[in-house]
Structures are given as C-alpha cells and as structure tokens.
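Using this note's numbering, you'd call the opening residue of the sequence shown number 12 and step up by one each time.
Built from N, CA and C at the ideal position, the CB exists for glycine as well.
A short worksheet on the structure shown next.
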Amino acid sequence: MSTEAKFLDGLIVKAPHPNAPDFVKMKVSINRKELIASLKAMDGDWVNLDVKESKGGKMYAEIDEWTPEAGGNSDPF
Numbered sequence: 012m013s014t015e016a017k018f019l020d021g022l023i024v025k026a027p028h029p030n031a032p033d034f035v036k037m038k039v040s041i042n043r044k045e046l047i048a049s050l051k052a053m054d055g056d057w058v059n060l061d062v063k064e065s066k067g068g069k070m071y072a073e074i075d076e077w078t079p080e081a082g083g084n085s086d087p088f
C-alpha cells in the first residue's frame, strides 16, 4: 500500500463558518464534473474517505485505501 496521500478531484472539505451553529461540523463543496470524472477513474463500488485536519488547521478528505489482508484482522486499528 502506498504511503502517498490520495484525494478525490472535485471534493473540498472545510471547517464550518465561525457563525455556524455547533451542530455543523464541516462544510463540503463538490464540483460535479470533476468529482464524477475522478470516481469513474477508480475501481470498485466504494470509496472510503478520512476527513483530517492539517498541521495548518485546514480540513481535507483523504482517500482511505486500507484493505484487510486475507485471513487476517479486519480492523485497521
């Protein structure tokens, strides 16, 4: 498995606006054409994402490519 971070083109995750209510946890923006093209280029039925916070405090979504090993533990943690 590669250690290089991979992202979906056309998907942007941001921290909520400072005046947003407490129940708003993040803001997601989608460029439909870019996201559809990015998804079509991928194999499989599912795309798993981890929403993370950079050292600079910005939110981002990274593709989670973890897969269980055959006959091994199915929990990555």
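Between I47 and V58, the CB-CB gap reaches or exceeds 8 Å.
DSSP places E76 in the coil class of the three-state scheme, outside both helix and strand.
About 21 Å separates the beta carbon of A52 from that of V62, a gap too long to meet the 8 Å contact definition. Inter-residue distance for I23 and N42 is about 9 Å (C-alpha atoms, whole angstroms). V24 is bridged by DSSP to V39.
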